[in-house]
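Following my numbering, the numbering of the sequence shown begins with 1371 at its first residue and continues without gaps.
In this text, a Cβ means the ideal position worked out from N, Cα and C, and glycines have one as well.
Predicted, not measured: the structure shown is a model, and the values here were computed from it.
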Amino acid sequence: MIKQEFKKENSKKKIIVKDHPSTVNENYSLSNVALPDAWYNLELPEKTVNSGVLSAPQLEAIVYSCQSHETKLADGSRAGFLIGDGAGVGKGRMAAGIILGNFLLGRKKAIWFSVSTDLKYDAERDLRDIGADQITVHALNQSKNSSAPKDVIGSIKEGVIFSTYSDLIAELSVTSRRKLSGLEQLLKWCGQDFDGVIIFDEFHHMNNINYGGSSNMRKIELALLELQNKVPNSRIVYISTTVISELLNMASMIRLGLWGQDTPCKDFGEFMETVKKFGEIAGNMVATDMKQRGLYVNRQLSFNDVTFQINEVVLLPKCIMTYNSSVKLWVELYQSFTEAVKLADLGPNTQKILWTNFWSAHRKFFRSLCISAKVTHAIKLASEAVKRGDCVVIGLQSTGEAYTIKKIPKDRRYKRISNFVSTSKVIMQSLVEKYFPASDSLQLLADEARNEKEETVGGKRKCLKQTAATPKKKKTELTNDDSYCEIIDSRDACGPLFDHNSNSIDIKLEDEELVEDRKANFEKASLIKQQLLEKIEELGAILPPNWFDQLIDELGGLDNVAEISSRKGRVVQKNNGLIEYESRSETDVPLELINIRERERFMNGEKNIAIVSAAASSGISLQADRRVKNQRHRVYISLELPNSAEFALQQFGCTHRSNQVRAPEYIFLVSELAGDRRSALILANRLQCLGATYTNERFTKGSNKWNLDEINEYDRTVLDTINIFMERKSPVVPVPNYNNLEITSALVEVGLTSSNVQFPTKVEARVTEILNRILGTPVELQAQLLQYFIDVQSTISYRTKIDHHNYIKILDLGINKCVYRTKLLRFTSKNPIASMLPAKIELHEFEVDGGMSWKTLEEKWLSKFEEHEGFYLSKEASYGKKDIILIRRTQTVDDRAFHGNIKYTVIRPSIGVQALLETLDQIKINYTRPKNWFPKMANSKDMKLLWDFHYNASTNVCIHAYWKKCISKKNHPQGCKEGLRLCAKYKLLSGCIHLVWKTIESFFGGNMKIVRVHVESTSIVGVLIPDKCETEIINFMKQHYIQI
């Protein structure tokens, strides 16, 4: 996969108004397709437009949203619009502008959904900023914060109802005796003929927040679908930065017309089955389709002034000792749980529940240790930054609050405790207390098994097919401790849902001997459980405290640190040395407003350090805004990176927005432990594509950007390496320095070969899961294993690149080559109303020149040379001319993988960039430096003349003819093309091809190839069309589409 580039957004479709305060870029692929012509007459006050409070990109989104709303889908519902812009482009003002435009046309009711009640104040600010002071924002859940019930429906006649997604299923008081769910209240307020605006803001977060368990999440998804179906005339706008990168999150976006009536896909499930065949570019295909139909915009702030670096944190000896001690105890836990499962004779359903929770706790525990290992370094960096006049934002994904609360007494307002709570310790304790299969845990397992079965039998598959919601992790609650005999005697508690393997076990056990044996087994299991809890308590003495509390305490306490998080309380050390748990609310600031107040303190300079959790980062602005007092340079320190680069960018966006005095610096802290490096590589690649500058000299010397192929190779290598150590595959790289047996044993101890674990089928998800498991191995073994990943990766890379077509899933044509379009047929849908806006499909014919001209060489390769780089000439000559090549050093993920044997890229006039990399020794066998070589010779006339000679000669003279001087027809090897500057022809179907996928797939008989062609500074992605299928496809397109 090639590096994705970004370029300045094409402004042909923009309304001529004021530019955005900061440079706005568009994804390279999206910039190659145009929005349809804008015909909607936007009704906004002249003052609003002329004042510049809405910039050109914002007005563009508003116009196309309103234009899309004028179209009806085939089922009669009104079409929606998706805004996918990144942080800082002004999505809030876009939403406000859409609401204002409709308000002025008489549609005076609107609904605004988001993920947090805090964002109501942002909605009010956005409306106020564009001059919509007459529109009032009301909170749907205001009765929660009032002693007297309020009838929101009866009292509000116009304005905006602000609601969180969880409010949809919450029962809110209407009168003292009556309650309605948020959905019921909204439907009543809207009425059947509602044609106002509904904003679904931060939609990507809706699927990533725990609303009290998977059942509640499913209820919210169904409520969203019901709301959209009950008000089919509503004007819906989805706002989501990351939904295209995770297409499953589109399940509730039913107003985009991508599936349903009069489309090739009857439901979302079928749509996903179709687009997933496009692999890693599925999101890109859907995005370009939606944009050219006027359904979607996606822009990003330029990151050209942003700098970032990756800081590798060396683990301290104390951390390594704690980590390895934890590994030993987790190995014992794994063995003890395995033994207890056999003692309890649990069947597959119950085991699934148990092991799911076990490995979830395992992952959380070691992730918490990884975060804690970087806290000391983060504190040092933050303190140094503040001293030199900067201010700091520390970003985290998780807070660990749920585990802290478990250790806080519930009987006092101020809870005094003996010490800071160790999140990692509580994770381990909670697992054993809840799920270890002894008598006091069986009720919980029975309840969860019952819930699992009820969800499966009671329509789970139907629900997933309708919404295609991603499976969510269950949030379970502790049940009261029950004795084993009470559970056995309870028909409701046990039943077959205990799922024992033995067929003789029924609700009541008639065999007294069997009952006694089972009691003895559980007594043994209970003893093991007690011993484990004692060992956890002992280990807890050296486990680190909660990272949030530690950061605040060691950075100077609450006087210096602003906490912007989802936590309700925290553990603090008072001036008298006592440690207490206290609410985050203050005397004059309620809990729901505390994040807003903390942000104000940071922005006005009262506090120069802010700690932000992922859940609280949505929509928040912490940049060096020229309109606020605190204009210090922002340094963003990330202690914990999410798996998705898009989510990371959204979180980082709080410090990189419009109107900033200076762009921020990002620092990723990574350790030598599994997974950190991969997440950092993915994010670094994304930032570089957006224009950010990487400042780590050790990694950037002699290289412009990382190649995303390195990440894909790394993922494949992880899977290959696991198979190597489990002896399922022969090693491609010798492992002389590694203790193979020890590593294999460690992998078994973290369940990588356990039959009770089913890894995801998606490679990326499997790799993430495997890296999470590897966290449970000793530090030294992790280092060995990760180094082996790199070694295998490098070898696989260079061996497979010899055969380029088998190397990648997506074939890239035209990289470093000349590509000419020789034919173009355009088609559009016959019935635009039935299929939303006109869908465009194009048939291209390209001719790819395999060589490299001097002009291309000069533009891309003749830059500053390092030692040994430059032109080389062959030692022998033919026709009085020596052969000429250019070599450039190749940067890899880690030069250590080559053990000092550096590889070079070889470029030839006849074939361009050679697929096989070579060492300097290999090159010097047949080639040598020109006499008196110096770097300026690269642009000399002699080098150009020689290059042009070989470039032109290779058009019709093969390599054999050149060297053997046999250019006559009778001596020329028949059909030989080796060394020829081949001009291959390719036919490509692009555009909204998922609409015709099933049909063209039948023409191919399967085995379709996705290709990406680089031509005329653009990139076109589509399906490679064999010559034999071209006529059939053209006839089909002419029959069902209109040729334009």
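| Query | Result |
| --- | --- |
| When the Cβ atoms of the region 1599 to 1619 are set against those of the region 1558 to 1574, are three or more pairs found closer than 8 Å? | yes |
| Name the residue from I1922, G1552 and R1669 whose alpha carbon lies nearest to the alpha carbon of Q1512. | G1552 |
| Buried or exposed: where does S1525 fall if 16 or more other Cβ atoms within 10 Å of its Cβ makes it buried? | exposed |
| Is there contact between the region 1985 to 1999 and the region 1751 to 1758, where contact requires at least three CB pairs shorter than 8 Å? | no |
| At which residues does the alpha helix (DSSP H) containing I1797 begin and terminate? | T1793 to Y1805 |
| Take Q1993 as the anchor and find which of K2252, L1897, H2026 and V1982 has the nearest alpha-carbon. | H2026 |
| Please identify the residue among S2008, L1685 and I2414 whose C-alpha is closest to the C-alpha of L2213. | I2414 |
| Between which two residues does the beta strand (DSSP E) harbouring T1644 extend? | Unbroken run through T1644 is the alpha helix (DSSP H), F1638 to V1645; no beta strand (DSSP E). |
| For the 8 Å Cβ check, are there 3 or more pairs between the region 2013 to 2021 and the region 1959 to 1979? | no |
| How big is the Cα-Cα spacing for C1560 and I2037? | 47 Å |
| Report the three-state DSSP secondary structure of C1635 (helix, strand or coil). | coil |
| In terms of residues, what are the limits of the beta strand (DSSP E) holding L2213? | K2210 to D2219 |
| For M1973, which residues from the same chain have a beta carbon less than 6 Å from its beta carbon, with the 5 sequence-adjacent residues on both sides left out? | V1998 and N2000 |
| What residue range does the alpha helix (DSSP H) around S1753 cover? | P1718 to K1757 |
| Does the beta carbon of Y2321 fall short of 7 Å from some heavy atom of the ligand ZN? | Because no ligand of any kind appears in the structure shown, any question about the ligand ZN cannot be addressed here. |
| Under three-state DSSP, which class holds Y2356? | strand |
| Under the assumption that G1664 contacts P1406 (Cβ atoms under 8 Å), give the Cβ distance between them as a whole number of angstroms. | 5 Å |
| Does DSSP classify H2410 as helix, strand or coil? | helix |
| What is the DSSP secondary structure of T1957, reduced to helix, strand or coil? | coil |
| Within 8 Å, do at least three Cβ pairs link the region 1731 to 1742 to the region 1680 to 1700? | yes |
| Helix, strand or coil for C2059 per DSSP? | helix |
| Should the region 1898 to 1910 be regarded as contacting the region 1787 to 1801, the criterion being three or more beta carbon pairs within less than 8 Å? | yes |
| Do you know how far the Cα of I2254 is from the Cα of D2318? | 10 Å |
| What first and last residue would you give for the alpha helix (DSSP H) that runs through F2374? | W2367 to F2374 |
| Helix, strand or coil, according to DSSP, for Y2321 in the structure here? | helix |
| Can you give the beta carbon distance from D1537 to L1510, rounded, assuming they're within the 8 Å contact cut? | 5 Å |
| Can you check which of these residues, R2259, V1507 and K2301, is closest to T2289 by C-alpha distance? | R2259 |
| Nearest to P2012 by alpha carbon, out of G1765, L1686, P1634 and K1646? | G1765 |
| For R2299, does the count of other Cβ atoms within 10 angstroms reach 16, so buried, or fall short, so exposed? | exposed |
| Do you know how far the Cα of L1801 is from the Cα of G1989? | 35 Å |
| Can H1410 and E1430 be called in contact, C-beta distance under 8 Å? | First, the residue type needs correcting, since residue 1410 is Tyr and not His in the sequence shown. No, the Cβ-Cβ distance between Y1410 and E1430 is not below 8 Å. |
| Identify, in the order they occur along the chain, each residue of the same chain with its Cβ nearer than 6 Å to the Cβ of K2355, setting aside the five sequence neighbours on each side. | E2217 |
| Quick one, are the C-beta atoms of I2370 and F1648 less than 8 Å apart? | no |
| Is the beta carbon of L1412 sitting closer than 8 Å to the one on I1500? | no |
| For the putative contact between K1661 and V1403, defined by C-beta atoms under 8 Å, what is the C-beta separation to the nearest angstrom? | 6 Å |
| Could you spell out the range, first to last residue, of the alpha helix (DSSP H) harbouring W2224? | W2224 to K2230 |
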